[in-house]
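Going by this note's numbering, the first residue of the sequence shown is number 10, and it counts up by one from there. We put the CB at the ideal spot given by N, CA and C, even for glycine. Keep in mind that this is a model prediction, so the values were computed, not measured.
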Amino acid sequence: NEAMFTQSSSRWSNNDTRFTWLSEFFHPHTQSPKPNVYRLFLIDGHSSHLTYEFISFAFHYQSWLLCFHCHAIHRLQPPNICIFSLLQCYYG
Numbered sequence: 010n011e012a013m014f015t016q017s018s019s020r021w022s023n024n025d026t027r028f029t030w031l032s033e034f035f036h037p038h039t040q041s042p043k044p045n046v047y048r049l050f051l052i053d054g055h056s057s058h059l060t061y062e063f064i065s066f067a068f069h070y071q072s073w074l075l076c077f078h079c080h081a082i083h084r085l086q087p088p089n090i091c092i093f094s095l096l097q098c099y100y101g
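This is the structure we're talking about:
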């Protein structure tokens with residue numbers, strides 16, 4: 010059981026905090042022990058998700074990025090509709 014907390018000087022997410030989360034939390038906790046297993050990472054079009062460093066890291070470590078229009082992912086809600094509703098049906 011691990012948690013990660015950080016705070017930027019502006020108290021808003023920025024490129025540095027987003028990359029730190031990706032490289033030090035998301036990647037180690039979702040990496041498959043099998044080679045050539047890809048992950049799907051759903052992101053909105055926020056500028057902190059679209060930096061060269063973020064995208065390069067994601068592709069280097071086998072993460073497919075599915076980018077939605079900025080500030081629209083809450084309206085589309087693909088995980089809630091496609092994935093979590095099935096889990097709720099079977100395990101809820």
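Identity of the residues DSSP links to residue i by a beta bridge
{"i": "Gln25", "result": "Gln is not the amino acid found at residue 25; the sequence shown has Asp there. According to DSSP, Asp25 bridges with nothing at all."}
{"i": "Phe50", "result": "Leu74"}
Spatial neighbours of residue i in its chain, beta-carbon cut-off 6 angstroms, leaving aside the 5 residues before and after
{"i": "Phe34", "result": "Met13"}
{"i": "Tyr47", "result": "Gln71 and Trp73"}
{"i": "Gln40", "result": "none"}
{"i": "Leu51", "result": "Leu75"}
Alpha carbon of residue i to alpha carbon of residue j, nearest angstrom
{"i": "His78", "j": "Tyr100", "result": "31 angstroms"}
{"i": "Ser17", "j": "Ser56", "result": "16 angstroms"}
{"i": "Ile64", "j": "Thr15", "result": "21 angstroms"}
{"i": "His69", "j": "His36", "result": "11 angstroms"}
{"i": "Gln97", "j": "Ser19", "result": "37 angstroms"}
{"i": "Pro42", "j": "Ala67", "result": "17 angstroms"}
Cβ distance (whole Å) where residue i is taken to contact residue j below 8 angstroms
{"i": "Leu49", "j": "Leu31", "result": "Not quite, the Cβ-Cβ distance comes to about 14 angstroms (not below 8 angstroms), so this is no contact."}
{"i": "Thr60", "j": "Asn23", "result": "The Cβ separation is near 10 angstroms, so there is no contact."}
Contacts around residue i, its chain only, beta-carbon distance under 7 angstroms, and the 5 residues preceding and following it disregarded
{"i": "Thr26", "result": "Thr15 and Ser17"}
{"i": "Glu9", "result": "Residue 9 cannot be examined here, being either before or after the span of the chain that is shown, 10 to 101."}
Residues of its chain near residue i, where Cβ-Cβ distance is below 8 angstroms and the 5 sequence neighbours each way are ignored
{"i": "His38", "result": "Glu11"}
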